[in-house]
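Participant: Take this structure, written in structure tokens, and hold onto it; I'll ask about it next.
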Amino acid sequence: MSALDPTGLGAQRLPGRVALVTGGLRGIGLACVERFLAEGAEVVLTDLEDPGTDYATETLDRLGQAASYVQANVTSEDDWQAVRDAVAERHGRLHVLVNNAGIDLTGAVASLSMEGWRKIMAINVDGVFLGVRTFVPLMEQSGAEVRGGASIINVSSIMGLVGMSEVAGYNASKGAVRMFTKSIALEFAEKRMPIRANSLHPGFVVTPLLQAGFQRWVDSGVADKPQDLVDMGSQKTPIGRLADPSELAGAAFFLASSDSSYMTGAELVIDGGWTAQ
Ligand SMILES: NC(=O)c1ccc[n+]([C@@H]2O[C@H](COP(=O)([O-])OP(=O)(O)OC[C@H]3O[C@@H](n4cnc5c(N)ncnc54)[C@H](O)[C@@H]3O)[C@@H](O)[C@H]2O)c1
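Everything in the sequence shown is counted per this note's numbering, starting at 2 for the first residue and increasing by one.
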């Protein structure tokens with residue numbers, strides 16, 4: 002197996018498809034971009050970062066010609082129009098939309114600021130709504146070209162399925178993504194539009210988001226060092242470890258491909274058994 006042949010089966014499974022991944026420069030989003038490219042798709046990624054930074058330049062160079070980047074904030078309607086224009090101009094179609102960009106928010110509910118609450122809802126919930134609203138017309142056209150139709154993958158979390166103490170804002174935002182996804186899935190199915198929509202529910206995945214969150218817990222005195230939280234999270238996860246972003250990308254690839262052609266309105270949980278307990 003190699004980066005260009007992640008399944009070891011030899012054949013690419015997404016040639017001719019165009020995918021868009023928000024928050025695609027890091028973590029789970031970047032892993033999805035890499036997997037879709039390896040499967041032969043053309044990929045547009047968006048993120049907050051200026052493409053001229055060293056990190057963005059190096060990452061985009063490494064991803065190669067089949068990838069293109071649009072700097073865009075998922076909370077901005079204007080930015081979404083710019084993304085739509087860029088996708089329309091470069092590809093004229095879109096088969097896969099991964100609404101992945103997201104942030105977290107922790108703390109006792111009485112300590113949360115209105116500003117923090119509005120920010121997480123704007124990015125995690127409004128961002129998903131705007132992505133879907135912007136691309137439904139193009140995906141409806143493009144979905145007719147592929148078996149199983151176009152695929153919307155909204156990244157929720159296990160925190161959209163079960164609650165956790167001092168995670169109220171994040172829980173609320175990810176629960177909203179879960180139900181929003183079911184509603185649009187039913188709407189598209191009822192209207193026989195060739196678009197499926199499913200939510201993806203990662204458990205604890207080692208990404209910059211998780212690492213920053215662990216550092217905040219350390220700073221607030223919950224643990225001595227981040228590794229203690231990695232160990233604690235691993236012990237509480239039935240499979241005994243945290244996830245690698247590529248393991249979420251594998252699930253996103255399944256939802257993007259025709260192999261999931263009969264799947265819509267569903268929740269794909271990739272959590273090492275966390276919510277089975
Ligand atoms: N890491 C986990 O353990 C975990 C678990 C469950 C769900 N998730 C979800 O997975 C998604 C990706 O998480 P991650 O861990 O890879 O995060 P990450 O912080 O490592 O990467 C997220 C990317 O999104 C970008 N982003 C943030 N706000 C944005 C905005 N307003 N507009 C555009 N881009 C923006 C960031 O710049 C970053 O590049 C999020 O929705 C997160 O809630 C993560």
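C-beta: ideal position from N, C-alpha, C; glycine also.
Taking three-plus beta-carbon pairs below 8 Å as touching, is the region 205-214 in contact with the region 235-255?
Facilitator: The region 205-214 vs the region 235-255: in contact.
Participant: Give me the Cβ distance between A198 and T265, rounded to the nearest whole Å; I'm assuming they're in contact under 8 Å.
Facilitator: That pair is a contact at about 6 Å.
Participant: Within the continuous alpha helix (DSSP H) that includes T107, where are the two ends?
Facilitator: Looking at the DSSP string, T107 is not in any alpha helix (DSSP H), and its letter there is neither H nor E.
Participant: Does DSSP classify D48 as helix, strand or coil?
Facilitator: Reduced to three states, the DSSP call for D48 is strand.
Participant: Is any heavy atom of ligand 1 found at a distance shorter than 7 Å from the C-beta of T47?
Facilitator: Checking the Cβ of T47 against ligand 1 gives yes.
Participant: Excluding sequence positions up to five away, which residues of its chain have a Cβ less than 7 Å from the Cβ of V168?
Facilitator: Cβ neighbours of V168 beyond the five flanking positions: T107, M160.
Participant: Once DSSP output is grouped into helix, strand and coil, what is the label at L269?
Facilitator: Note: L269 maps to strand in three-state DSSP.
Participant: Please state whether the Cβ-Cβ distance between R91 and S69 is less than 8 Å.
Facilitator: In this structure, S69 lies closer than 8 Å to R91 by Cβ.
Participant: If you check the beta carbons only, do L98 and M165 fall under 8 Å apart?
Facilitator: No, the pair does not count as a contact, with Cβ atoms beyond the cut-off.
Participant: So L201 and A252 are in contact, right, with Cβ under 8 Å, and what is the actual spacing, rounded?
Facilitator: About 6 Å; that satisfies the 8 Å criterion.
Participant: Buried or exposed for K175, please, with buried defined as at least 16 other CB atoms from any protein chain shown within 10 angstroms of its CB.
Facilitator: K175 comes out buried.
Participant: Which residues in the same chain have their Cβ closer than 7 Å to the Cβ of G241, if we skip the five residues on either side of it in sequence?
Facilitator: Hits under 7 Å: S235.
Participant: Check R217 in the structure and name its three-state DSSP category.
Facilitator: DSSP places R217 in helix when its eight states are reduced to three.
Participant: Is any non-hydrogen atom of ligand 1 found closer than 7 Å to the C-beta of G103, if you look at the structure I gave you?
Facilitator: The answer is yes for G103.
Participant: Mind checking which residues open and close the beta strand (DSSP E) that includes V97?
Facilitator: Note, V97: beta strand (DSSP E), 97-100.
Participant: Could you work out which residue in W275, L26, V231 is closest to A102 when comparing CA atoms only?
Facilitator: When only C-alpha atoms are compared, the closest one is L26.
Participant: So A42 and R18 are in contact, right, with Cβ under 8 Å, and what is the actual spacing, rounded?
Facilitator: Between R18 and A42 the Cβ distance is about 5 Å, and since that is below 8 Å, they are a contact.
Participant: Any heavy atom of ligand 1 within a distance shorter than 7 Å of the CB on L26?
Facilitator: For ligand 1, at least one heavy atom lies less than 7 Å from the Cβ of L26.
Participant: Ligand 1 and A73: does any heavy atom of the ligand fall closer than 7 Å to the residue's C-beta?
Facilitator: Checking every heavy atom of ligand 1 against the Cβ of A73, one is found closer than 7 Å.
Participant: In or out: A89 buried (at least 16 other Cβ within 10 Å) or exposed?
Facilitator: Classification for A89: exposed.
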